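Engineer: Before I ask anything, here is the structure I am working with.
There are 2 protein chains.
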Amino acid sequence: MSAVNRPRAAVVVTGSELLTGAILDRNGPWLSRELTGLGFEVAHLQLVGDRPDDLVRALDRALVDGCELIVTSGGLGPTADDLTAEVVAAFADAPLELDEAMYERIAAILAGFAARTGFGGPALDAANRKQAMVPRGAVALDPVGTAPGLVVPRPGGPLVVVLPGPPRELQGMWPAALAAAPVVDLLAGVPAAEARSLRYFGLPESEIAATLREIGADRDLSGVEVTTCLRRSELEVDLRPRPGAGDVAAALHAELALRHARHLVSADGASTDELLATALRERGWTVATGESCTGGMLAARLVDLAGSSDYVAGGVVAYSNSAKTGLLGVPAEMIATHGAVSPEVARALADGARERFGADVGVGITGVAGPGGGSEAKPVGYVCFCVTTADGQVLARDPLLPGGRTDIRERSTDVGMHLLLRAARGSQPA
Amino acid sequence: MSAVNRPRAAVVVTGSELLTGAILDRNGPWLSRELTGLGFEVAHLQLVGDRPDDLVRALDRALVDGCELIVTSGGLGPTADDLTAEVVAAFADAPLELDEAMYERIAAILAGFAARTGFGGPALDAANRKQAMVPRGAVALDPVGTAPGLVVPRPGGPLVVVLPGPPRELQGMWPAALAAAPVVDLLAGVPAAEARSLRYFGLPESEIAATLREIGADRDLSGVEVTTCLRRSELEVDLRPRPGAGDVAAALHAELALRHARHLVSADGASTDELLATALRERGWTVATGESCTGGMLAARLVDLAGSSDYVAGGVVAYSNSAKTGLLGVPAEMIATHGAVSPEVARALADGARERFGADVGVGITGVAGPGGGSEAKPVGYVCFCVTTADGQVLARDPLLPGGRTDIRERSTDVGMHLLLRAARGSQPA
Numbered sequence: 001m002s003a004v005n006r007p008r009a010a011v012v013v014t015g016s017e018l019l020t021g022a023i024l025d026r027n028g029p030w031l032s033r034e035l036t037g038l039g040f041e042v043a044h045l046q047l048v049g050d051r052p053d054d055l056v057r058a059l060d061r062a063l064v065d066g067c068e069l070i071v072t073s074g075g076l077g078p079t080a081d082d083l084t085a086e087v088v089a090a091f092a093d094a095p096l097e098l099d100e101a102m103y104e105r106i107a108a109i110l111a112g113f114a115a116r117t118g119f120g121g122p123a124l125d126a127a128n129r130k131q132a133m134v135p136r137g138a139v140a141l142d143p144v145g146t147a148p149g150l151v152v153p154r155p156g157g158p159l160v161v162v163l164p165g166p167p168r169e170l171q172g173m174w175p176a177a178l179a180a181a182p183v184v185d186l187l188a189g190v191p192a193a194e195a196r197s198l199r200y201f202g203l204p205e206s207e208i209a210a211t212l213r214e215i216g217a218d219r220d221l222s223g224v225e226v227t228t229c230l231r232r233s234e235l236e237v238d239l240r241p242r243p244g245a246g247d248v249a250a251a252l253h254a255e256l257a258l259r260h261a262r263h264l265v266s267a268d269g270a271s272t273d274e275l276l277a278t279a280l281r282e283r284g285w286t287v288a289t290g291e292s293c294t295g296g297m298l299a300a301r302l303v304d305l306a307g308s309s310d311y312v313a314g315g316v317v318a319y320s321n322s323a324k325t326g327l328l329g330v331p332a333e334m335i336a337t338h339g340a341v342s343p344e345v346a347r348a349l350a351d352g353a354r355e356r357f358g359a360d361v362g363v364g365i366t367g368v369a370g371p372g373g374g375s376e377a378k379p380v381g382y383v384c385f386c387v388t389t390a391d392g393q394v395l396a397r398d399p400l401l402p403g404g405r406t407d408i409r410e411r412s413t414d415v416g417m418h419l420l421l422r423a424a425r426g427s428q429p430a
Numbered sequence: 431m432s433a434v435n436r437p438r439a440a441v442v443v444t445g446s447e448l449l450t451g452a453i454l455d456r457n458g459p460w461l462s463r464e465l466t467g468l469g470f471e472v473a474h475l476q477l478v479g480d481r482p483d484d485l486v487r488a489l490d491r492a493l494v495d496g497c498e499l500i501v502t503s504g505g506l507g508p509t510a511d512d513l514t515a516e517v518v519a520a521f522a523d524a525p526l527e528l529d530e531a532m533y534e535r536i537a538a539i540l541a542g543f544a545a546r547t548g549f550g551g552p553a554l555d556a557a558n559r560k561q562a563m564v565p566r567g568a569v570a571l572d573p574v575g576t577a578p579g580l581v582v583p584r585p586g587g588p589l590v591v592v593l594p595g596p597p598r599e600l601q602g603m604w605p606a607a608l609a610a611a612p613v614v615d616l617l618a619g620v621p622a623a624e625a626r627s628l629r630y631f632g633l634p635e636s637e638i639a640a641t642l643r644e645i646g647a648d649r650d651l652s653g654v655e656v657t658t659c660l661r662r663s664e665l666e667v668d669l670r671p672r673p674g675a676g677d678v679a680a681a682l683h684a685e686l687a688l689r690h691a692r693h694l695v696s697a698d699g700a701s702t703d704e705l706l707a708t709a710l711r712e713r714g715w716t717v718a719t720g721e722s723c724t725g726g727m728l729a730a731r732l733v734d735l736a737g738s739s740d741y742v743a744g745g746v747v748a749y750s751n752s753a754k755t756g757l758l759g760v761p762a763e764m765i766a767t768h769g770a771v772s773p774e775v776a777r778a779l780a781d782g783a784r785e786r787f788g789a790d791v792g793v794g795i796t797g798v799a800g801p802g803g804g805s806e807a808k809p810v811g812y813v814c815f816c817v818t819t820a821d822g823q824v825l826a827r828d829p830l831l832p833g834g835r836t837d838i839r840e841r842s843t844d845v846g847m848h849l850l851l852r853a854a855r856g857s858q859p860a
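Going line by line, the protein sequences match chains A and B. Numbering follows my numbering, in which position 390 of the first sequence is assigned residue number 390; successive positions increment by one, without gaps. Adding 430 to a residue's 1-based position in the second sequence gives its number in my numbering.
If you want it as structure tokens, here you go:
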């Protein structure tokens, strides 16, 4: 089939600090995901410095690339190098004017800031005035921090949505941007995306590629854009139908779920974290952790979701041997005989955590995160896991995980989450 | 003074999966950091899909932006949508030719692959042939995986370095790229970078802006590129002199350090984490954590650095009240009287952690991370911190932190790190 193309959008992220590698951009990927979800094809993502000429060329580039929407992030602050509003105003051929109501609103926010911190005075008023300048004909979006956002229609297109740089402010302002009249009008013409996703654990990407080739030999799949994304041990497969190919995508989704059912975590976009929270709640279980190499990462991840106090009892970071023994009752002889990194100690950590916190399920993790500390028998990346439950389940693993110290600790956290999920769902170990 | 500008470089990352937000680009930031370190000004970073027209426009954009060097990542694989070599060859006006020596080298790598997996035959030979095509006049770089890299001089500039997409392959090939003759020639004309940075805690960006305006009124600072970057409560200020402006940058660096000395964390680029590790090691101290709302994030961050077992004893995630009492000895009456979120309980968590783990310094954190659980007296964002030491120091804070659940927990982790740093350095509370 020859599928219709989606309308294009561009993301322009400003900030010289992003071009020195000092800081990772989080806004570009976040906006790309949102725009893709709305049904746009993201043509490109540009990161440019705080230089007017470069920003001008970035906007022109989006125009040349046929984008109907440009979303910018950053450059709305009080300092002289924050010039996005000015550049976008020129791009849209609209003069900047002081928005009195916005000036008052920012003044009120800044007054609170000055009262809390003692920082204030003329520096603050100059910042206020600069941030209240709005291009004529644009919609100003209320500040989430101190900087307002803008929705600026350029005659003949594209529409430019100007958002602040701090991710919290940008994400907080996004619903207001989507509700602005010019954006609503634009979105009315964008065909819905209806993306479907599958999440697997422990399935190699090449298996999905082979399955797709096999199915594709019988059936035209060109109407469905398939992206696979391996995040450590989790494989996410997203299916995005082009307009008119919704049925093809639905059938493919069902088939991929069925063919790799053994590794399937979810077929509805639910994250492992959400699934685990649901499973623990359904059972009325509480969980406790005994962590060594992950040093609290698993506990922190369990607490990430709001309302987690319903099912998280707590955890111990038993980094030293004396902490393993003193706080979680791991016998010193066991550590001496089997080593601190051993399946035996992982189990004792799980049992100890469960008992000390009076929890229903306990998880123990002990491993060699590196870069030092490895041996021939227990090299860097060797990690022992155990999940035990009050009703007698024991799930144990001791894989050799790839990568550097951070990779190993993050993968270990993933494995811990998946073992807990398995236990909470009551399935047998694979 | 009118400073000379640095030579510009551009980074072009290809891969449609980066534009749906499904996966984070790691190559762009890595290359930006390398290029900045070599003395280039990175003009922009572009992420484009696997579409030839978009890649052509990305290269043209770098040309228009006056870049002397373009580094690309991705699009060197065996499949039809991998077309970077072809597009770059056209950009440099150089025909693609089969490099026989490279063909043999790739064939040897693929033979090993075929022997391991059983995959081989004509499909593999086509892949081999495609990957061994090199633009005339270019330098081919030996594969780290199976794809060779390229250094392609365009007549009249810029020079294009073409690298593979997998971060491990890209980073592994980088030294060979830097050693290629055309790159060596180019680098000979790039003035060395001597960036200086300042790190502050709790200082608003507007204060640095005001100080810069003040100093700039007396002195020409145009030779120094100043970038400020606010990461939650930490403000990083980077000073990059243009060629010839090293002295101006040095003087400005000293002055900014002096003027905001009270909030200064480091003036040599050292991170808070590194400074804390050094301070704990110098004192020969160990640290233990008692965390509630951060749920293990502070312990996990302390364990991030390799070798942290030298100074991290461990921690307890005391998420429930019974855990606070049972594991860290927080009196139940104290919780009943003052509430679980109170300066009293924060101190008892710190003392309890220190005592239970036999550590020299303990930190307690308890707060309302939200979204629920807030009250008028203790709203969402109210977090109590306490650091106590075996030698009798007590540092306590109970700020109201802004943002959502994740922000509050991350900021709390920052505050915990900075209080620990203060205690380990032995300074008095501000």
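Every residue gets a Cβ at the ideal spot worked out from N, C-alpha and C, and that includes glycine. All figures in this text were calculated on a predicted structure; none of them were measured in a lab.
Compare the C-beta of methionine 297 of chain A against all C-beta atoms of chain D and say whether one is closer than 8 Å.
Structural biologist: As a matter of chain content, chain D is missing from the structure shown, whose protein chains are A and B.
Engineer: Below 8 Å, how does it come out for the stretch 771-782 of chain B and the stretch 792-805 of chain B: are there three or more Cβ pairs, yes or no?
Structural biologist: Contact between the stretch 771-782 of chain B and the stretch 792-805 of chain B is present, because at least three Cβ pairs lie under 8 Å.
Engineer: Does the beta-carbon of threonine 406 of chain A have 16 or more other beta-carbons within 10 angstroms, so that it is buried, or is it exposed?
Structural biologist: Its Cβ having fewer than 16 others within 10 Å, threonine 406 of chain A is exposed.
Engineer: Would you mind stating whether leucine 400 of chain A and tyrosine 382 of chain A have Cβ atoms separated by less than 8 Å?
Structural biologist: Their beta carbons are under 8 Å apart, which means leucine 400 of chain A touches tyrosine 382 of chain A by this criterion.
Engineer: Shorter than 8 Å from the beta carbon of glycine 745 of chain B to some beta carbon of chain A?
Structural biologist: So yes, glycine 745 of chain B belongs to the interface.
Engineer: Assign methionine 1 of chain A to buried or exposed, taking buried as 16 or more other Cβ atoms, counted over all protein chains shown, within 10 Å of its Cβ.
Structural biologist: Because methionine 1 of chain A carries a pLDDT of 35, less than 50, the predicted location of this residue cannot be relied on, and the following value inherits that uncertainty. Exposed, because fewer than 16 other Cβ atoms sit within 10 Å of the Cβ of methionine 1 of chain A.
Engineer: Name the chain B residues whose beta carbon is nearer than 9 Å to that of glycine 21 of chain A?
Structural biologist: Going along chain B in sequence order, the residues near glycine 21 of chain A (Cβ under 9 Å) are Gly458, Pro459, Trp460, Leu461, Ser462, Arg463, Glu464, Leu465, Thr466, Gly467 and Val472.
Engineer: For a test of the three-state rule: what should DSSP assign to glycine 676 of chain B, helix, strand or coil?
Structural biologist: Helix.
Engineer: Of all Cβ atoms in chain A, is any one closer than 8 Å to the Cβ of histidine 848 of chain B?
Structural biologist: So, not an interface residue.
Engineer: Taking three-plus beta-carbon pairs below 8 Å as touching, is the stretch 595-609 of chain B in contact with the stretch 444-464 of chain B?
Structural biologist: Short answer: they touch.
Engineer: Determine whether the beta carbon atoms of arginine 436 of chain A and cysteine 67 of chain A lie at a separation below 8 Å.
Structural biologist: There is simply no residue 436 of chain A to check, as chain A begins at 1 and stops at 430 in what is shown.
Engineer: Which of helix, strand or coil does DSSP assign to aspartate 360 of chain A?
Structural biologist: It is coil, neither helix nor strand.
Engineer: Looking at the unbroken alpha helix (DSSP H) that takes in aspartate 648 of chain B, where does it start and where does it end?
Structural biologist: Note, aspartate 648 of chain B: alpha helix (DSSP H), 635-648.
Engineer: Excluding five sequence neighbours on each side, which residues of the same chain lie with their C-beta closer than 7 Å to the C-beta of histidine 263 of chain A?
Structural biologist: Cβ within range, chain order: Tyr200, Phe201, Gly202 and Leu203.
Engineer: So the candidates are A:Asn321, A:Ala267 and A:Leu328; which of them puts its Cα closest to the Cα of threonine 337 of chain A?
Structural biologist: The shortest C-alpha separation from threonine 337 of chain A is found at A:Asn321.
Engineer: Flag aspartate 571 of chain B as yes if its beta-carbon sits less than 8 Å from any beta-carbon of chain A, otherwise no.
Structural biologist: The sequence shown places leucine at residue 571 of chain B, not aspartate. No, because no Cβ of chain A sits closer than 8 Å to the Cβ of leucine 571 of chain B.
Engineer: Tell me which same chain residues have a C-beta within less than 8 Å of the C-beta of lysine 277 of chain A, skipping the five on either side of it?
Structural biologist: Looking at the sequence itself, residue 277 of chain A is alanine, so the reference to lysine does not match. Taken in chain order, the residues that qualify are Leu305, Gly307, Ser308 and Tyr311.
Engineer: Whose CA, out of B:Lys808, B:Ala718, B:Val591 and B:Gly504, lies closest to the CA of valine 614 of chain B?
Structural biologist: The candidate whose alpha carbon is nearest that of valine 614 of chain B is B:Val591.
Engineer: Is the number of C-beta pairs between the stretch 267-284 of chain A and the stretch 478-490 of chain B that are closer than 8 Å three or more?
Structural biologist: They do not touch, by the three-pair rule.
Engineer: When you compare only the Cα positions, how much space is there between glycine 756 of chain B and phenylalanine 357 of chain A?
Structural biologist: Those two C-alpha atoms are separated by around 8 Å.
Engineer: Could you check whether methionine 297 of chain A and arginine 409 of chain A sit closer than 8 Å to each other, using their CB atoms as the reference points?
Structural biologist: Yes, they are a contact pair.
Engineer: Grab the span of the beta strand (DSSP E) containing glycine 290 of chain A for me, first residue to last.
Structural biologist: Looking at the DSSP string, the run of the beta strand (DSSP E) that includes glycine 290 of chain A is 287-291.
Engineer: Give the residues of chain B in contact with cysteine 229 of chain A, contact being defined as C-beta atoms less than 9 Å apart.
Structural biologist: Result: Glu447, Thr450, Ala452 and Ile453.
Engineer: Would you list, in sequence order, the uninterrupted beta strand (DSSP E) runs of no fewer than 3 residues that lie entirely inside the stretch 802-834 of chain B?
Structural biologist: DSSP runs (the beta strand (DSSP E)) wholly in the stretch 802-834 of chain B: 813-819 and 824-827.
Engineer: To the nearest angstrom, report how far apart alanine 538 of chain B and glycine 77 of chain A are at their CA atoms.
Structural biologist: Whole-angstrom Cα-Cα distance: 55 Å.
Engineer: Taking 8 Å as the cut-off, decide whether the C-beta atoms of valine 48 of chain A and alanine 58 of chain A are in contact.
Structural biologist: Yes, they are a contact pair.
Engineer: Name the residue from A:Glu355, A:Pro379 and A:Ala176 whose alpha carbon lies nearest to the alpha carbon of valine 445 of chain A.
Structural biologist: Nothing in the structure corresponds to residue 445 of chain A, since chain A is present only between 1 and 430.
Engineer: Is the number of C-beta pairs between the stretch 524-539 of chain B and the stretch 569-581 of chain B that are closer than 8 Å three or more?
Structural biologist: With a cut-off of 8 Å, the stretch 569-581 of chain B and the stretch 524-539 of chain B count as touching, because enough Cβ pairs lie within range.
Engineer: Give the secondary structure of arginine 670 of chain B by DSSP, where H, G and I count as helix, E and B as strand, and everything else as coil.
Structural biologist: Strand, per DSSP.
Engineer: Looking only at its chain, what residues have a beta carbon closer than 7 Å to the beta carbon of threonine 389 of chain A, apart from the 5 residues adjacent to it on each side?
Structural biologist: Counting only Cβ-Cβ distances below 7 Å, and skipping sequence neighbours, we find Asp360, Val361 and Ala423.
Engineer: I'd like to know if glutamate 704 of chain B contacts chain A, where contact means its C-beta is closer than 8 Å to some C-beta of that chain.
Structural biologist: With 8 Å as the cut-off, glutamate 704 of chain B does not count as an interface residue toward chain A.
Engineer: Buried or exposed: where does glutamate 655 of chain B fall if 16 or more other Cβ atoms within 10 Å of its Cβ makes it buried?
Structural biologist: Looking at its Cβ environment, which holds 16 or more other Cβ atoms inside 10 Å, glutamate 655 of chain B is buried.
Engineer: Does the distance from the C-beta atom of methionine 563 of chain B to that of glutamate 527 of chain B stay below 8 Å?
Structural biologist: Taking 8 Å as the Cβ cut-off, methionine 563 of chain B and glutamate 527 of chain B qualify as a contacting pair.
Engineer: CA-CA distance, alanine 743 of chain B and valine 345 of chain A?
Structural biologist: Cα to Cα, alanine 743 of chain B sits roughly 18 Å from valine 345 of chain A.
Engineer: For serine 266 of chain A, decide whether its Cβ has a neighbour in chain B, counting only Cβ atoms nearer than 8 Å.
Structural biologist: So, not an interface residue.
Engineer: Helix, strand or coil: which one does DSSP assign to glutamine 428 of chain A?
Structural biologist: Note that glutamine 428 of chain A scores 41 on pLDDT, short of 50, meaning its location in the model is unreliable; the coordinates nonetheless yield the value given after this. Three-state result, glutamine 428 of chain A: coil.
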